[in-house]
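Heads up: the structure comes next, in structure tokens.
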Amino acid sequence: MASEARRMRAYGFGAALALAALGLTPAPVMAQEFDTSEQAPTSFYEALLAGPFELTRSIEHVLSDGATIVVTRTYRLRVAPSREGWLIEGEPIEVTVESPPSLAALAQIERERDDSGVFPMRLSREGSLLPYEAPRSTDRASLGAAENAIVRRIADEPLSADDAERTTIALRALSARAAGERTAWPRDLFRPSAASRIESRDVSGGSVTVALEAEADERTGLVRSYERRVTTRIGNGERMVRERWELQRSEGE
0 MASEARRMRA YGFGAALALA ALGLTPAPVM AQEFDTSEQA PTSFYEALLA
50 GPFELTRSIE HVLSDGATIV VTRTYRLRVA PSREGWLIEG EPIEVTVESP
100 PSLAALAQIE RERDDSGVFP MRLSREGSLL PYEAPRSTDR ASLGAAENAI
150 VRRIADEPLS ADDAERTTIA LRALSARAAG ERTAWPRDLF RPSAASRIES
200 RDVSGGSVTV ALEAEADERT GLVRSYERRV TTRIGNGERM VRERWELQRS
250 EGE
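Its first residue numbered 0, the sequence shown is counted upward by one per residue in numbering that gives the first Met the number 0.
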């Protein structure tokens, strides 16, 4: 029975790849939670086909004055074979923002921000994120126009001059990060290459240190959690951005 079950899984996976080669997308293959049962995925490829998934990403952004903004977004992901490897379609389903009261206006703007442009994503056959196409000039123009509109909205808020300036500075910092969203995710996010590693480089007047920690399923290599901490030291100042991703199978699907 065990060998027969393995043959059936292999047959199903082969059929999915054959459909992908013809330009067709197979329906998601359902599987049990990762456990020691015969039906549990035993490879990275089987694990991807066992979706859909929910991916949660939290960004803790510490501003230069010490204020902290934490933005947490959850996406529903569907993965299908493609000619290059895998195509990941996603949609935002929840967003929460934690911030000081003085940045309440910015927090509300961040809750309302359209984040759908993060997807689709492409994975290589080995599980590495592939680069996005270069942003079009119209995309950059749209981002600039949206930022200017938000600055005008902040001006209309009942804020003190100091809080309005602080909120605008924070907005510029978050907008710069948003502009790089489509390239900033770790290449090995879905299939971590190491449990932990630290990378440092010198920059003008200081240094940047990137610390990575990841946990993956032992049998399939599919990520469970991934954390990246970027610490920038310039002179006597220090700034840190902490990002954490968590992936799990969607419930009730």
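The C-beta atom is built at its ideal place from N, Cα and C for all residues, glycine as well. Just so it is clear, the structure is predicted and the values come from calculations on it, not from any experiment.
- Burial state of A194 is exposed, judged by a 10 Å Cβ sphere holding fewer than 16 other Cβ atoms.
- Check the Cα spacing between R190 and each of F118, D216, S199, R196: the tightest is with D216.
- Below 8 Å, enough C-beta pairs join the region 231-243 and the region 196-209 to call them touching: three or more.
- Beta-bridge analysis with DSSP links L76 to F52, G89.
- Taking C-alpha positions only, L47 is separated from P130 by approximately 20 Å.
- At a Cβ-Cβ threshold of 8 Å, E83 and V240 do not count as neighbours.
- Nearest to L86 by alpha-carbon distance, out of L62, P100, S123, A183, is S123.
- Looking only at E237, S199, W184, the smallest Cα-Cα distance to E226 is reached by W184.
- Short of 6 Å from the beta carbon of E97, and not among the five residues preceding or following it, lie these beta carbons of its own chain, in chain order: V69.
- The criterion of a C-beta distance shorter than 8 Å is satisfied by L246 and F52.
- The beta carbon of I197 lies closer than 8 Å to those of T208, V209, A210, L211 in the same chain, with the five residues before and after it left out.
- Taking the CA atoms as reference points, R243 sits about 20 Å from R77.
- The three-state secondary structure of Q38, taken from DSSP, is coil.
- Taking C-beta atoms as the reference points, V94 and R72 count as a pair closer than 8 Å.
- Per the coordinates, the alpha-carbon of A104 lies some 36 Å from the alpha-carbon of E214.
- According to the DSSP assignment, E109 belongs to the alpha helix (DSSP H) that extends over 103-111.
- By the neighbour-count criterion, in which 16 or more other beta carbons inside 10 Å mark a residue as buried, G65 falls on the exposed side.
- For the options E125, A106, P99, the alpha carbon positioned closest to that of L188 is the one of E125.
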